[in-house]
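Residue numbers (the numbering used here): 151 to 380.
Inspection log for the structure reproduced underneath, given as structure tokens.
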């Protein structure tokens, strides 16, 4: 192709390109069209693609010609050019952070904490009456067969006591339990088919999925509450 034909191919995508611009890029060594015996430039398809790359890097990423030349050199040697940094405004990473919400690992973590009823009342700094009400409304219970309370029961009891300072009674907290039960049901519904897999790793994959889905559901729930209160 001659330089006029190349210009016709480029202008639909790069309306500002001109013949002097193409000659300038040649002078910088970014393209090397062949020359006829009479000295006329003859461009190949490869030359046109290189021009497209140069013009796109300038227009979309504001890269200097020296950097673009390094990219082309890498491509010529069979390498991948370095990734292009975005030049448009991006969302700050802090906006996508989990704000300290529980991770999947926190749902997988188990401990052997066993508290008696008296110990739970003391450590959680609650009254026997509050504990009775929390159990009455199904917010916590002792482990079946042991009569001891675990870490989850302790956290629930402490949180209920802190909410009580704002006037929340255990009967008010029943709504939280109902919402949690619905989320648990959804998680179990999704994971049940995975648990029924016949291969040896089925139960392990299901357990891993439970922790990840649980963390995501808590993140969604907390963010919806946050957005609603705003």
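We put the beta carbon where it would ideally sit given N, CA and C, even for glycine.
(message) Please list the terminal residues of the continuous alpha helix (DSSP H) segment that includes residue 334.
(response) 320 to 345
(message) Does the contact criterion of 3 or more C-beta pairs under 8 angstroms hold for the region 306 to 326 versus the region 347 to 359?
(response) no
(request) With a 10 Å radius around its C-beta and 16 neighbouring C-beta atoms as the bar for buried, classify residue 221 as buried or exposed. (result) buried
(message) Which residue wins for smallest C-alpha separation from residue 183, given the options 193, 226 and 379?
(response) 193
(message) Let me check one thing: in DSSP terms, what residues is residue 192 bridge-paired to?
(response) 184
(request) Evaluate contact between the region 152 to 163 and the region 187 to 202, counting only Cβ atoms and requiring at least three cross-stretch pairs below 8 angstroms. (result) yes
(message) I'd like to check one pair, residue 307 with residue 274: are the Cβ atoms closer than 7 angstroms?
(response) yes
(message) Here's the rule I'm using: 16 or more other beta-carbon atoms within 10 Å means buried, otherwise exposed. How should residue 305 be labelled?
(response) exposed
(request) Determine the direct distance from the alpha carbon of residue 257 to that of residue 327, and round the result to whole angstroms. (result) 17 angstroms
(request) Could you name the residues of the same chain whose beta carbon sits closer than 8 angstroms to that of residue 169, not counting the 5 residues immediately before and after it, in chain order? (result) 153, 154 and 157
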